[in-house]
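Numbering (the numbering used here), first residue to last: 3 to 284.
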């Protein structure tokens, strides 16, 4: 639990720095980034052991973005290796991330060419050592499943809505991502190309989960890896949205309050039942 919180906290700090560098200064609106990555909708994920892999994925993504905007691409390469994880969501990022270092290595710094090789070699090893896939589960298909995945980052409250709402929220987030990629032209070419690959990598991951899970992409466990996409969009668009981020941060916590209270009561009842069983066994 504590390690997962540390991973998400570090990722929040890295992404706040990305937003600061892209804007030129900090803004109170950047509070929305830790709100997205640490809102109450993550509650059940803090107690799941395998969420450490998801936390590393988020930290890796944040580190790649931080390395790109700071011009520290070797550090970004290390974080890219952290983001490569077993499963479709982790393997889908390998080619876009490799392109970041391939483009920079060919144009300016040949030493960076070691990272595409390392990323592709590591992902190949991960793919070969993975257990057999269970195949595609769930409906309603690629695009609707991807919309479900994109929307769940807002919090488990989304899972209680209907398919139309999932599609609308997911489509809105996807459109915001497209707008953010278009806005990359306001920065220099090196940063723009790097961040474009950054967004493409997340999009590839979202499509992989959407295809493999369908409506199961609304599972609470995917809140963690979906939320990083929302934070990435803010890093770019926050330059123009400014203080509106405070409103978004309050709203994200607000809509997840009911889920947090429900999950807290559930855990309390489970612990009480466990303590009673222990007393009776003695």
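Where a beta carbon is used, it is the ideal one built from N, C-alpha and C, also for glycine.
query	result
Going by DSSP, what residue range makes up the alpha helix (DSSP H) through residue 76?	75-85
Whose CA, out of 16, 41, 82, 22, lies closest to the CA of residue 200?	82
Please classify residue 217 as buried or exposed, where buried requires at least 16 other C-beta atoms within 10 Å of its C-beta.	buried
Below 8 angstroms on the Cβ atoms is my contact criterion, and I expect residue 62 with residue 85 to pass it. Report the Cβ-Cβ distance as a whole number of Å.	3 angstroms
Does the count of Cβ pairs from the segment 147-157 and the segment 106-117 closer than 8 angstroms reach three?	no
Taking the alpha helix (DSSP H) that residue 153 falls in, what are its first and last residues?	144-154
For the segment 227-238 against the segment 30-39, are there 3 or more C-beta pairs whose distance is under 8 angstroms?	yes
For residue 42 versus residue 255, is the C-beta distance shorter than 8 angstroms?	yes
Among the residues of its own chain, which have a CB less than 6 angstroms from the CB of residue 64, if the five just before and after it don't count?	13, 16, 17
Which two residues bound the contiguous alpha helix (DSSP H) that contains residue 110?	Note, residue 110: premise wrong, no alpha helix (DSSP H); not H, not E.
Would you mind stating whether residue 60 and residue 9 have Cβ atoms separated by less than 8 angstroms?	yes
Assuming residue 261 contacts residue 157 under a Cβ cut-off of 8 angstroms, what Cβ separation, rounded to an integer in Å, is found between them?	7 angstroms
The alpha helix (DSSP H) that contains residue 40, what's its start and end?	34-40
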